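Data block below; observations after.
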Amino acid sequence: MSLTFYDIALAPPVEKTSCSPNPWKTRYALNFKKVPYKTTWVPLPDISKVRVPFNIPASRKFADGSPYHTLPIVSDPTTGRTIGDSFEIAVYLEEQYPSSGAGELFPAQDLDFVFGRELELFAPIAVADVGEDGAIPAYVRFNTNVDSAFTAHAQLMGGGLPLDPARAQETKTEFEKRIGVPWDAMVVKGEARGELMKSFEETLSGLASLYRKDASGPFLLGTRATYADFIVGGWLRMCQGTLPGEEWDVIKGWYGGIFGKLHEALEVFAQMD
Ligand SMILES: N[C@@H](CCC(=O)N[C@@H](CS)C(=O)NCC(=O)O)C(=O)O
Numbered sequence: 056m057s058l059t060f061y062d063i064a065l066a067p068p069v070e071k072t073s074c075s076p077n078p079w080k081t082r083y084a085l086n087f088k089k090v091p092y093k094t095t096w097v098p099l100p101d102i103s104k105v106r107v108p109f110n111i112p113a114s115r116k117f118a119d120g121s122p123y124h125t126l127p128i129v130s131d132p133t134t135g136r137t138i139g140d141s142f143e144i145a146v147y148l149e150e151q152y153p154s155s156g157a158g159e160l161f162p163a164q165d166l167d168f169v170f171g172r173e174l175e176l177f178a179p180i181a182v183a184d185v186g187e188d189g190a191i192p193a194y195v196r197f198n199t200n201v202d203s204a205f206t207a208h209a210q211l212m213g214g215g216l217p218l219d220p221a222r223a224q225e226t227k228t229e230f231e232k233r234i235g236v237p238w239d240a241m242v243v244k245g246e247a248r249g250e251l252m253k254s255f256e257e258t259l260s261g262l263a264s265l266y267r268k269d270a271s272g273p274f275l276l277g278t279r280a281t282y283a284d285f286i287v288g289g290w291l292r293m294c295q296g297t298l299p300g301e302e303w304d305v306i307k308g309w310y311g312g313i314f315g316k317l318h319e320a321l322e323v324f325a326q327m328d
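Position in the sequence shown counted from 1, then plus 55, gives you our numbering.
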C-alpha cells in the first residue's frame, strides 16, 4: 500500500511550481528510500483544514503560542501512522524502511555548520524532538542551522512565491496579518537586495566549507547522498522556485558552483508520482 505525501499546491501546474523547502526534504527522502507513495496537493490557504482532522500536534507555533499548521504530512496505511514534521518523517522512514532504496539516511558525518544568530520570526523554527540516539542529533542541529541560515534571507524569496492566482489574494492577506506589513513592502528591492544577497553568500560560506571536505562531491559524503543533502537541497528548491533567474544563477555559482552541482545531482531523487 502506498503512503500519502501532502505537499503544498502553488500555481498550476503544481508539479512545476512546487518549491516549499520542508515538503521537498520529504520528497527527496521518499524517493531515496524508494517507498511507494502518492502526492496529495493541498492549496496553501487550505493547510489547516486538511491538517487539523488528523489530530496530530502542530509542528510549529506562532510567536503567541497558537498552532501553526504546516506541511509536509505523511500517512502510512501499513502502520496507521501519520507524521507532520519533515524531520520526524525522515526518521520514521529510516526506522520503518531501513534497508529500502539507496540505503541509510543518517550515516554519521561531520555536520558542524553553525548559523550563530537568533532570528525574530512570526513563527520560530521548530526543533524536531527525535531523541538522542546515534548520529541523528547532529542532523537535527544541522537542520535547525540550515533552516535558520536560509530563513534569515527568505525576504529575498517571499515576493517571488508562485502563488495560485485563484488563491493569491487570500494568501497575501494571511501573510500580511502574520508579519504585520503590506505584501509589497515585504519585497526587498535595489541596494538592500544586493546587501541581502551578499549576507546570504557569506552566511553559506560555512556550509560550502563542509561541502569542500570531500572534493569528490557533489554530496557532503562525496558520491553518497544523505538526509543532510536533502535539507540543503530543499532550500535550494525554494531559491530556484522563487528567485529571479539571474539571482538563482548567481547562487548556483557561489563557492565554485557547490550549490548548483548539488541541486543538479539531487534531480535523481526529485521525481513526482
Ligand atoms: N518543522 C516543520 C516545518 C514545516 C513548515 O514550516 N512548512 C511550511 C512550508 S516549507 C508550511 O507548511 N507553510 C505553510 C504556511 O506558511 O501557511 C517541518 O519540518 O515539517
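Quick reminder that beta carbons are idealized off the backbone N, C-alpha and C, glycines included.
Computed from a prediction, not measured in an experiment: that's the story for all the values here.
Distance cut-off 8 Å: residue i Cβ against heavy atoms of ligand 1
i           : result
residue 296 : no
residue 257 : no
residue 63  : yes
residue 217 : no
residue 184 : no
residue 277 : no
residue 180 : yes
residue 125 : yes
residue 77  : yes
residue 229 : yes
residue 140 : yes
Of the listed residues the options, nearest to residue i (C-alpha basis)
i           : options               : result
residue 221 : 206, 296 and 65       : 65
residue 262 : 89, 122, 313 and 162  : 313
residue 267 : 246, 295, 302 and 317 : 317
residue 215 : 238, 93 and 199       : 238
residue 118 : 177, 129 and 242      : 177
residue 284 : 213, 168 and 236      : 168
DSSP three-state assignment for residue i, whether helix, strand or coil
i           : result
residue 182 : coil
residue 111 : coil
residue 233 : helix
residue 89  : coil
residue 64  : strand
residue 140 : coil
residue 239 : helix
residue 276 : strand
Exposed unless 16 or more other CB atoms sit within 10 angstroms - verdict on residue i
i           : result
residue 280 : buried
residue 88  : buried
residue 81  : buried
residue 293 : buried
residue 139 : buried
residue 114 : buried
residue 131 : buried
Supposed close pair residue i, residue j - CB separation, criterion 8 Å
i          : j           : result
residue 62 : residue 126 : 6 Å
residue 90 : residue 148 : 6 Å
residue 76 : residue 290 : 5 Å
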